[in-house]
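Enquirer: Sequential numbering from 9 applies to the sequence shown in the working numbering. For each residue, glycine too, the CB sits at the ideal point set by N, CA and C. Submitted below is the structure of interest, expressed as structure tokens.
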Amino acid sequence: MPAGGSGVRPRVIVIGAGFGGLAAAIRLQAAGAQVILIEARSQPGGRAYQLKAEGFTFDMGPSLLTAPWLLQDLWQAAGRHLDEDVTLVPLRPFYRIGFADGNHFDYWGDPAADEAEIARFDARDVAGYRAFLAATERIYQRAFAELAGEPFLRLSDFLRVAPELVRLGAHRSVYRFVSRYFRHPQLRMVFSFHPLFIGGNPFRASAIYSIVPYLERLGGVHFIPGGMYALVEAMTRLFTALGGELRCGQPVERILVRSGQVWGVLLADGALLQAEAVVANSDVATTYLRLLPAEVRPRGLVRRLERAHYSMSCFLLYLGLKRQYPQLRHHSIFMPHDYRGLIRQLFDGQGLPADLALYLHTPTRTDATLAPPGGESLYVLAPVPHLGHGVDWQRETLPFRERILRYLEEQAGLHGLRASIVYEQRFTPLDFADELRSHLGAAFSLEPTLFQSAYFRPHNRAAQVGGLYFVGAGTHPGAGIPGVLLSAAITARLVREDLACRA
Ligand SMILES: Cc1cc2nc3c(=O)[nH]c(=O)nc-3n(C[C@H](O)[C@H](O)[C@H](O)COP(=O)(O)OP(=O)(O)OC[C@H]3O[C@@H](n4cnc5c(N)ncnc54)[C@H](O)[C@@H]3O)c2cc1C
């Protein structure tokens with residue numbers, strides 16, 4: 009990025025040090041900008057925060073690392089190699105999926121093992137699996153490898169590729185798409201639940217999102233010794249080693265705009281910081297609805313954001329246990345009795361669903377240092393409706409916790425779980441709203457539907473406010489670590505191009 013006329017490096021402020029903010033900050037700093045990364049909380053990481061207490065270490069959010077080439081690409085942009093700074097440990101199996109009838113499916117990501125596992129359910133579905141992988145590889149090549157890295161700033165960009173997306177099946181839901189290839193109802197769940205990983209409803213997310221099993225198989229599912237937070241630390245070191253400045257514990261209160269052009273930010277302590285560009289990694293809806301001055305908020309977009317569909321939220325328990333449960337895999341998923349019913353209630357119902365789906369992260373299966381000897385660091389995630397669905401979490405937190413623990417003891421085989429808890433912490437939709445400033449406490453920002461994706465998602469560059477950009481889950485291409493790393497590459501490119509034009 010050429011320096012301005014004065015020879016001074018252009019100053020860029022990044023609001024928020026989630027994976028998207030960190031990655032954008034690294035790319036821009038490496039490209040020659042002077043970047044200040046401002047984080048409201050006391051540590052970087054955003055949803056990938058770390059909790060350490062009484063000898064237990066927990067990653068509080070993301071735990072599955074896929075598409076490692078996106079990290080390699082980021083490190084390369086900073087002039088280093090990923091493996092100099094981060095160790096990736098491939099997991100086998102990727103995860104275990106348990107069903108209400110006691111049966112389970114291990115996903116290994118290797119053809120022979122997966123086909124043997126599928127044949128245990130329905131031998132006829134092995135051929136369907138091969139066809140499914142071939143179809144999702146085609147979608148991956150076009151929609152992920154080629155298009156997810158494009159900014160989709162104009163409707164014409166979308167219309168140009170729309171016929172091809174329809175040919176690939178994008179107009180179908182993931183569940184409908186998967187059901188063409190699998191007969192067995194439990195295999196339909198196994199290969200369709202992945203949109204939930206990024207806040208999507210398998211019954212209405214576009215089939216574009218059915219590529220996750222292919223993506224996992226292509227690049228593996230990885231763990232980082234020390235936990236996902238080791239990646240946050242490595243990115244923070246990379247950024248500061250390049251000369252970037254990270255300030256934590258400093259919420260941005262306002263984005264400052266003059267004559268339609270961003271000129272800086274106002275911090276909660278009253279300090280003003282000037283910049284030529286501001287990249288918001290803060291929640292997209294909150295940024296448009298609260299951080300931008302009322303007079304420059306784009307009315308149409310604000311109306312759309314107020315009416316948009318947001319992803320579900322999550323209820324999380326972080327449990328330090330004095331014993332271990334060897335039957336758990338590193339990643340274990342427990343499917344509900346009524347898959348369709350639970351998902352309908354999560355996205356479209358009122359109150360808490362009657363059924364439960366759970367994801368358990370047991371990193372001590374791979375890294376014993378994360379708990380005291382003989383203990384277990386266990387995180388339990390239940391997807392729950394966001395705050396717009398009428399759940400009173402002040403009242404529901406303890407009863408819901410009880411429901412989860414009872415389920416784990418009585419139906420998931422974790423006998424004696426309650427008696428073995430020596431440390432506990434919770435994170436509820438209220439914390440997503442208060443701690444992470446997430447609109448409606450949504451865990452993954454806007455729900456990924458076809459008409460809230462690509463051109464229809466808030467753009468990486470604000471159309472009506474010069475010098476304002478977005479990175480992270482709420483902008484294109486969407487949530488999940490691969491999505492936000494891609495958004496960082498897109499946004500950094502737009503900032504670089506625009507600043508180069510103004511130099
Ligand atoms: C429980 C959970 C589990 C997940 N598991 C996985 C997984 O296994 N694999 C995967 O790939 N993805 C997973 N995801 C999704 C993934 O974690 C997220 O999509 C991704 O981390 C979001 O990154 P982001 O860059 O959008 O920023 P966020 O992580 O949302 O960070 C935004 C940052 O901005 C800061 N901020 C907000 N407002 C302000 C302000 N006004 N001033 C200063 N700072 C501000 C916040 O404090 C925060 O640090 C999971 C998500 C959740 C919630």
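1) Can you tell me where the alpha helix (DSSP H) with residue 256 in it begins and where it stops?
2) Just how far apart, CA to CA, sit residue 147 and residue 496?
3) Quick one: what does DSSP say residue 402 is sitting in, helix, strand or coil?
4) Let me confirm a value: residue 339 is counted as buried when at least 16 other C-beta atoms fall within 10 Å, else exposed. Which label applies?
5) Measuring only the C-alpha atoms, how far is residue 99 from residue 130?
6) Based on Cα-Cα distance, which residue from 223, 447, 330 and 305 lies nearest to residue 470?
7) Please name the residue, chosen from 455, 462, 499 and 468, that lies closest to residue 210 on a Cα-to-Cα basis.
8) Would you identify the three-state DSSP class for residue 230, choosing helix, strand or coil?
9) Would residue 386 and residue 299 be called neighbours here (beta carbons separated by less than 8 angstroms)?
10) Could you pull the start and end residues of the alpha helix (DSSP H) that residue 147 belongs to?
11) Would you mind working out which of 28, 33 and 485 sits nearest residue 18, comparing C-alpha positions?
12) Figure out for me which residue from 480, 504, 35 and 201 has the closest Cα to the Cα of residue 243.
13) For the candidate residues 430, 391, 436 and 372, whose alpha-carbon lies nearest to that of residue 401?
14) My parser needs the alpha helix (DSSP H) runs of 4 or more residues fully inside the segment 13-74; what are they?
15) Please indicate yes or no: does the CB of residue 159 lie closer than 7 angstroms to some heavy atom of ligand 1?
16) Would you mind sorting residue 66 into buried or exposed? The rule is 16 or more other CB atoms within 10 Å of its CB.
17) Rounded to whole angstroms, what is the Cα-Cα separation between residue 406 and residue 392?
18) For ligand 3, is there any heavy atom lying closer than 7 angstroms to the beta carbon of residue 256?
19) Is any heavy atom in ligand 1 found nearer than 7 angstroms to the beta carbon of residue 46?
20) Once DSSP output is grouped into helix, strand and coil, what is the label at residue 182?
21) Please classify residue 319: is it buried, with 16 or more other beta-carbons within 10 angstroms of its beta-carbon, or exposed?
22) Go to residue 237, then tell me how far its beta strand (DSSP E) extends in each direction, as first and last residue.
23) Along the chain, where does the beta strand (DSSP E) containing residue 271 start, and where does it finish?
24) Any contact between the segment 238-257 and the segment 193-213? By contact I mean 3 or more CB pairs, one from each, below 8 angstroms.
25) Below 8 angstroms on the Cβ atoms is my guess for residue 484 versus residue 293; work out the distance and round it to an integer in Å.
26) Taking the straight line between their C-alpha atoms, what separation do you get for residue 27 and residue 468?
27) Determine, using beta carbons only, whether residue 216 and residue 173 come nearer to each other than 8 angstroms.
Expert: Judging by the given coordinates:
1) As a position in the sequence shown, residue 256 is number 248, starting the count at 1. That residue, residue 256, is in no alpha helix (DSSP H); it is neither H nor E in DSSP.
2) In the sequence shown, the residue the question calls residue 147 occupies position 139. In the sequence shown, the residue the question calls residue 496 occupies position 488. Looking at the backbone, the Cα of residue 147 and that of residue 496 are separated by about 22 angstroms.
3) Within the sequence shown, numbered from 1, the residue matching residue 402 stands at position 394. The DSSP-derived three-state label of residue 402 is helix.
4) For the purposes of this step, residue 339 is identified with residue 331 of the sequence shown, where counting begins at 1. Answer is buried; the Cβ neighbour count reaches 16.
5) Here residue 99 corresponds to residue number 91 of the sequence shown, with the count starting at 1. Here residue 130 corresponds to residue number 122 of the sequence shown, with the count starting at 1. Straight-line Cα distance between these residues: approximately 26 angstroms.
6) Stepping through the sequence shown from its first residue, residue 470 is reached at position 462. Residue 470 has its Cα closest to that of 305, out of 223, 447, 330 and 305.
7) Sequence index remark: in the sequence shown, residue 210 carries index 202 (1-based). Closest by alpha carbon: 455.
8) For the purposes of this step, residue 230 is taken as the residue at position 222 of the sequence shown. Secondary structure of residue 230 (DSSP, three-state): strand.
9) By one-based count along the sequence shown, residue 386 stands at place 378. By one-based count along the sequence shown, residue 299 stands at place 291. Note that the C-beta distance between residue 386 and residue 299 is not below 8 angstroms.
10) Position 139 of the sequence shown, counted from the first residue, corresponds to residue 147. Residue 147 -> alpha helix (DSSP H) spans 133-147.
11) Taking the sequence shown and counting its residues from 1, the one referred to as residue 18 is at position 10. Cα-wise, what sits closest to residue 18 is 33.
12) Within the sequence shown, numbered from 1, the residue matching residue 243 stands at position 235. Cα-wise, what sits closest to residue 243 is 35.
13) The residue labelled residue 401 in the question sits at position 393 within the sequence shown. Minimum Cα distance to residue 401 is reached at 436.
14) Taking 4 residues as the minimum length, the alpha helix (DSSP H) runs contained wholly in the segment 13-74 are 27-38, in order along the chain.
15) Your numbering for residue 159 matches position 151 in the sequence shown. Not under cutoff, so the answer is no.
16) Here residue 66 corresponds to residue number 58 of the sequence shown, with the count starting at 1. Its Cβ being crowded by 16 or more others within 10 Å, residue 66 is buried.
17) As a working mapping, residue 406 is identified with position 398 in the sequence shown. As a working mapping, residue 392 is identified with position 384 in the sequence shown. Approximately 14 angstroms between the Cα atoms of the pair.
18) The ligand content of the structure shown is limited to ligand 1, which means ligand 3 is not among them.
19) The residue labelled residue 46 in the question sits at position 38 within the sequence shown. Because some heavy atom of ligand 1 lies under 7 angstroms away, the Cβ of residue 46 counts as near it: yes.
20) Working through the sequence shown from its first residue, we reach residue 182 at position 174. Here residue 182 sits in helix by DSSP.
21) Within the sequence shown, the letter at position 311 stands for residue 319. With a threshold of 16 other beta carbon atoms within 10 Å, residue 319 meets it and is buried.
22) Start at 1 with the first residue of the sequence shown, and residue 237 comes out as number 229. Where residue 237 is concerned, there is no enclosing beta strand (DSSP E), although the alpha helix (DSSP H) it sits in stretches over 237-249.
23) Locating residue 271 in the sequence shown gives position 263, counting from the first residue. Segment 269-275, the beta strand (DSSP E) holding residue 271.
24) Counting Cβ pairs under 8 angstroms, fewer than three are found: no touch.
25) Indexing the sequence shown from 1 puts residue 484 at position 476. Indexing the sequence shown from 1 puts residue 293 at position 285. About 15 angstroms; that fails the 8 angstroms criterion.
26) Along the sequence shown, one-based indexing puts residue 27 at 19. Along the sequence shown, one-based indexing puts residue 468 at 460. Those two C-alpha atoms are separated by around 15 angstroms.
27) Taking the first residue of the sequence shown as 1, we reach residue 216 at position 208. Taking the first residue of the sequence shown as 1, we reach residue 173 at position 165. Cβ atoms of residue 216 and residue 173: closer than 8 angstroms.
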